[in-house]
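To keep things clear, I will list the structure first and then write my remarks on it.
There are 2 protein chains.
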Amino acid sequence: MARWKATIAYDGSAFSGWQVQPGKRTVQGELEKGLTKLHKGENKKVVASGRTDAQVHARGQVVHFDSFLQIPSARWPRAFDTVLPRDMQVICVERVHDHFHARFDATAKEYRFFLHVGRERDVFQRHYVHHVFANAFDHEAVRRSLQPLIGTHDFSSFCASDTNVESKVRTLNAASYVQTAEGEWCFRFNGDGFLYNMVRIIVGTAINIGARRLAVEDMNRILHARDRRQAGMTVPGHGLYLWQVQYGHKDVYPAGCG
Amino acid sequence: MARWKATIAYDGSAFSGWQVQPGKRTVQGELEKGLTKLHKGENKKVVASGRTDAQVHARGQVVHFDSFLQIPSARWPRAFDTVLPRDMQVICVERVHDHFHARFDATAKEYRFFLHVGRERDVFQRHYVHHVFANAFDHEAVRRSLQPLIGTHDFSSFCASDTNVESKVRTLNAASYVQTAEGEWCFRFNGDGFLYNMVRIIVGTAINIGARRLAVEDMNRILHARDRRQAGMTVPGHGLYLWQVQYGHKDVYPAGCG
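Heads up: the protein sequence lines correspond to chains A and B, in order.
The first sequence runs 1 to 258 under full-length UniProt numbering.
The second sequence runs 1 to 258 under full-length UniProt numbering.
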C-alpha cells in the first residue's frame, strides 16, 4: 500500500461543491467514483486540503489517497483521465510518505478571485469571472485597501456569521490586486488558512471601496471591529479559484509536478 | 414600425445551434421568446446573417427584426438583458432602413477557430477551445498551408458532402493563423460566404499538416481536387466563433456599435 498526493483542477460550475452529499454531484464524489473504478470496485476515499463551495473552481486543489496499484507517478494522470468527467482533471500525482496528510500538512494556500468591471457583462465569462457593473471604479483604492489585512489578525469580520471555529485568527502572507486583462482584475490571497467565506467577504468589501461606497480606510476599521455586519456582502463563488496549496518547503504548482 | 439590426453574442455550449427546432433549445428560439416577451406576447421573429451549429459560439452574430416599440438604440441591449438567458447577450442595436436584411445584405463574415496544442487539456477551456494532443506540432506549416486558400475558389473539398448548394465557389479575403496565448492558436477566416462545415474541415486538414500527417503543399492539392474525401476530418464545433458580420462599407464589431 502506498500513499499518493494528487493535484487536481476542476471547473466548479456543475458541482455542488467539494464534499460528498447524498443525491448531489460533488467533486469529491466524482473523484472517489473514478478512483473506485480504477480499483476494480474497491471502495476508495480521498482527503482534500479543504472543501470548496458550489461554483468555486480549483487550479491546484490537493488530495491524498492510498492504493495498492503499481502505477508510476507519471502514468496516474492518464489513468484518472479515463474515469473522470470532463470538468475535472488530475494534473499530477506524486508518491508521498505514509503519514502525509493533504489537510493537516498544508502550510499555506493561495486563492485567486477574478473580477470584471465594466458596463457590459461577457457571456463567455459568466461562470468564471465575477462581473461588477460600474462606470467608475477606483482600482487603486481597492489595491491599497488590502494592505492592512496582511499579517496575523482576528478575521471575524470576514467570516460567515454561522461558522463555529475555535479561533478566527489567521495569517495572510500576501494580499494583492492586479490587472490581468482588459477590464479584468485579480485578487490574490496567500495565507496559512482561510475562514468560511473569508475571501468572498473581503472581496465584497473591497468592491464597496472600489465603487466608493466605502473609503480605503474602512477596510482597517472593519477588520478591527471583528463584526461580520460591518463588512460587505459575500460575493458569488464563480469568480473564486483555489489556486495552490503549499506543503513545507515544497510548493505545489497547478501547472505541473515541480 | 421600424427595422432594427442587433449584434449578439452567445455561448453555444448549451444550445442546439441557431435555428428553431421543435423541442430543442436554440439561440433563435430563445431570442424570439425574449423579443416576444418585450412585445407583451405579440409573436416576434428574427432573421440572422446565417445559422450556426450546435456548440458553435458567436461574438458578433447579426439579426434584424421589426418592432413598434419606441425604444432608443442605446436602451435595447438593457431591455433584452431582462428577458434573455445568461448565455446570450445583445451587444448593440441600431436602427436600419426598412429593407435592410441581415442575411442578404451581408458582404463578408469572419470566423475564428481556437486551438490548444499540448500534452494537457485544460478543464476551463473544454467548451471554448479545441484541444489537440501533440508533443510536436508544426505551427509554421499550418500558417503557410492557408495561403493557397485565399482568393476565389471552388471549395468543394471543404464542404460537408451532403450539402446541396448550387455553387461551391466562395471568396476568402483572409486566412491567418496566429498565437493568442501560451499553447493557444487562432485561425481567422474572412470571406464573402462559407459553405457548410467549411471552416471546420479546413481546420481539420490544417491540423493534419501541423501534426505532419500531411505536407504543407497538400492543402493546395486538396483544394484543387474538389473532393471532400481528400480533406481532413470536421473538427468539433466548440472551438468555432462567428466573430463578425460585415455590411457594405460599415463594419460591425462584436464589442460595440461603431
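The beta-carbon is built from N, C-alpha and C at its ideal position, and this holds for glycine as well.
Since we're looking at a predicted model, the values are computed, not measured.
Item to check | A54 of chain A and G23 of chain A closer than 8 angstroms at C-beta | outcome: Taking C-beta atoms as the reference points, A54 of chain A and G23 of chain A fail to come closer than 8 angstroms.
Item to check | Closest residue to A6 of chain A among A:G60, A:T26 and A:K44 (Cα-Cα distance) | outcome: Closest by alpha carbon: A:G60.
Checklist entry - Terminal residues of the continuous beta strand (DSSP E) containing E110 of chain A? => result Per DSSP, E110 of chain A is one residue of the beta strand (DSSP E) stretching across A106 to G118.
Item to check | Distance CB(S73 of chain A)-CB(V96 of chain A) smaller than 8 angstroms | outcome: Their beta carbons are not under 8 angstroms apart, which means S73 of chain A does not touch V96 of chain A by this criterion.
Checklist entry - Who are the neighbours of A9 of chain B on chain A, taking C-beta pairs under 9 angstroms? => result By Cβ distance, chain A contributes D122, V123 and F124.
Next on the checklist: So that I know if they touch, is there some Cβ in chain A lying closer than 8 angstroms to that of F87 of chain B?
Outcome noted: In the sequence as presented, Phe is not what sits at residue 87 of chain B; that position holds Asp. Interface annotation, D87 of chain B: in contact with chain A, CB-CB separation under 8 angstroms.
Item to check | Own chain, CB closer than 7 angstroms to F80 of chain B, minus 5 neighbours either side, in chain order | outcome: So the list reads G34 and V90, once near-sequence residues are dropped.
Checklist entry - Does any residue of chain A bring its CB to less than 8 angstroms from the CB of Y111 of chain B? => result Not an interface residue.
Checklist entry - Which word fits E110 of chain A, buried or exposed, when buried means at least 16 other C-beta atoms lie within 10 angstroms of its C-beta? => result A residue is called buried once 16 or more other Cβ atoms fall within 10 Å of its Cβ, and E110 of chain A is buried on that count.
Next on the checklist: Judging by CA-CA distance, which residue of B:F114, B:H127, B:R112 and B:H131 is the nearest neighbour of E120 of chain B?
Outcome noted: If we check each option's Cα against that of E120 of chain B, B:H131 comes out closest.
Item to check | Every unbroken beta strand (DSSP E) within the stretch 5-72 of chain A, with a cutoff of 3 residues, ordered by chain | outcome: Entirely contained in the stretch 5-72 of chain A, the beta strand (DSSP E) runs reaching 3 residues are, in chain order, 57-67.
Next on the checklist: For R229 of chain A, list the residues DSSP reports as bridge partners.
Outcome noted: As computed with DSSP, R229 of chain A is found in no beta bridge at all.
Next on the checklist: Bridge partners for W76 of chain A per DSSP, in chain order?
Outcome noted: According to DSSP, which records beta bridges pairwise, W76 of chain A is partnered with nothing at all.
Checklist entry - For D138 of chain A, which three-state DSSP category applies? => result If DSSP states are grouped into helix, strand and coil, D138 of chain A belongs with coil.
Checklist entry - Does the beta carbon of Y128 of chain A sit closer than 8 angstroms to a beta carbon anywhere in chain B? => result Taking Cβ atoms only, chain B reaches closer than 8 angstroms to Y128 of chain A, which makes this a yes.
Checklist entry - Should the stretch 226-246 of chain B be called in touch with the stretch 112-129 of chain B, which here means at least 3 C-beta pairs below 8 angstroms? => result Segments in contact, yes.
Checklist entry - Is V83 of chain B helix, strand or coil when you go by DSSP? => result Note: V83 of chain B maps to coil in three-state DSSP.
Item to check | Segment contact flag, the stretch 181-201 of chain A with the stretch 38-45 of chain A, C-beta cutoff 8 angstroms, min 3 pairs | outcome: Cβ pair count under 8 angstroms is below three, so no.
Item to check | In chain order, each beta strand (DSSP E) run of at least 3 residues that lies wholly inside the UniProt domain "Pseudouridine synthase I TruA alpha/beta" (147-247) of chain A | outcome: Taking 3 residues as the minimum length, the beta strand (DSSP E) runs contained wholly in the UniProt domain "Pseudouridine synthase I TruA alpha/beta" (147-247) of chain A are 151-154, 169-181, 184-191 and 240-247, in order along the chain.
Next on the checklist: Just to confirm my understanding: we take A255 of chain A, look at its own chain, exclude 5 residues before and 5 after, and list those with CB closer than 6 angstroms. What are they?
Outcome noted: With a pLDDT of 39 at A255 of chain A, under the threshold of 50, the modelled position of this residue cannot be trusted, and the question is left open.
Item to check | Within 8 angstroms, strictly: CB atoms of I209 of chain B and V216 of chain B | outcome: In this structure, the beta-carbon distance from I209 of chain B to V216 of chain B falls below 8 angstroms.
Item to check | Enclosing beta strand (DSSP E) for F133 of chain A [first to last residue] | outcome: For F133 of chain A, the enclosing beta strand (DSSP E) covers residues H130 to F133.
Checklist entry - So, S2 of chain B versus S49 of chain B, is the Cβ gap smaller than 8 angstroms? => result Here residue 2 of chain B turns out to be Ala, not Ser, going by the sequence shown. Contact flag unset, no.
Next on the checklist: Using only CA atoms, which one of A:G17, A:H153 and A:A206 lies nearest to V169 of chain A?
Outcome noted: Of A:G17, A:H153 and A:A206, the residue nearest in Cα terms is A:H153.
Item to check | Beta-carbon proximity of D87 of chain B to V20 of chain A, cut-off 8 angstroms | outcome: Remark: C-beta atoms of D87 of chain B and V20 of chain A do not approach each other more closely than 8 angstroms.
Checklist entry - Thinking C-alpha only, which one of A:A102, A:A211 and A:Y10 is nearest N135 of chain A? => result Considering only alpha carbons, the answer is A:A211.
Checklist entry - Starting from V123 of chain B and walking both ways along the beta strand (DSSP E), at which residues does that stretch end? => result Element bounds for V123 of chain B: n/a, residue is neither H nor E.
Checklist entry - From this set, A:V62, A:L146 and A:F133, which residue's C-alpha is nearest A106 of chain A's C-alpha? => result Nearest option by C-alpha distance: A:V62.
Next on the checklist: Which of the three DSSP states is assigned to R103 of chain A in this structure?
Outcome noted: Of the three classes helix, strand and coil, the one that applies to R103 of chain A here is coil, per DSSP.
Checklist entry - Near E30 of chain A, what residues of its chain come up, given a Cβ to Cβ distance below 8 angstroms and the 5 sequence neighbours on each side ignored? => result The answer, listed in chain order, is F15, L84, P85 and M88.
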